[in-house]
Amino acid sequence: MKIGILALQGGVIEHLRLVEAAGAEAKIVRYSQDLEDIDGIILPGGESTTISRILNRTNMMEDLRNRIIAGLPVWGTCAGMILLAKNLSNDDKVDGIKTMDITVRRNAYGTQIDSFNTLVNVPEVSENEIPLVFIRAPFIEETGKNVKVICEVNGHIVAARQDNMLVSSFHPELTSNTDFHKYFINMCK
């Protein structure tokens, strides 16, 4: 099982470490040709505007979108969730991949100083509580009919799944917990 990690900006090394700890091979993805031999891809947290600009400048946006539409499993964390969302409620600067039927609010929890950690039970993913790290995090305001809500925190949707697409507004890669990475690897099988 080979999991690609989009390595244009953001929490790349942290995801790589947890993918390997969860028992899969991790592969850095920087170019379209790197998409060829992977079983799934993680779009890490970082700065969604920057990542979208790089994807467009390198002509990788369309290749990535087409692979996801064709069924490549994808997991977007924080900025990755923003990139996958078909709609953004409070920003039009991100020219994203737009494959998942969700509406996302960027920086929904506020500024950097409003970042927080919490422990949450996510039955879809684990029997145990999972540490969630929110950094200038978005959340989902609306979901389409084929989107399954996986986790809510304080009444806000923070993780969801639609077919081959998984999103989370938090950063599992900033903990030592591999439950979400194992969940995604199982999606890729």
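Mapping of the sequence shown onto our numbering: residues 13 to 201, in sequence order. Glycine included, C-beta positions come from ideal geometry on N, C-alpha and C.
Fully contained in the stretch 126 to 183 is no alpha helix (DSSP H) run of length 4 or more.
Counting only the Cα atoms, Val161 lies some 11 Å from Glu153. Where Asn68 is concerned, the enclosing alpha helix (DSSP H) starts and stops at 60 to 69. Secondary structure within the stretch 84 to 111: the beta strand (DSSP E) runs of 3 or more consecutive residues, fully enclosed, are 86 to 89, 97 to 100 (chain order). Contact annotation: the stretch 170 to 185 touches the stretch 83 to 97, with at least three C-beta pairs closer than 8 Å.
Excluding five sequence positions before and after Leu131, the CB atoms of its chain that fall closer than 6 Å to its own CB belong to Glu141, Pro143, given in chain order. Gly58 is positioned such that its CB atom lies closer than 8 Å to that of Gln21. Note that the stretch 179 to 198 does not touch the stretch 38 to 45; fewer than 3 beta-carbon pairs, one per stretch, sit closer than 8 Å.
The residue from Phe192, Gly92, Asn133, Ala19 with its alpha-carbon nearest to that of Lys110 is Gly92. Non-local C-beta neighbours of Lys14 in its own chain, meaning closer than 6 Å and more than five positions away in sequence, comprise Glu37, Lys39, Ile50, Asp51, ordered along the chain. Here His193 has Leu30, Val31, Ala34, Pro184 as same chain residues with Cβ atoms under 7 Å from its own Cβ, once five neighbours each way along the sequence are excluded.
Among the bridge pairs identified by DSSP, Glu37 is matched with Lys14.
Each of Asn158, Val170, Gly108, Gly23 was checked against the Cα of Thr61, and the nearest Cα belongs to Gly108. Judged by their CB atoms, Ala171 and Val116 are not nearer to each other than the 8 Å cut-off. The Cβ atoms of Asp46 and Gly23 do not sit closer than 8 Å to each other.
Here Arg148 is not near Asn166, since their CB atoms are 8 Å or more apart.
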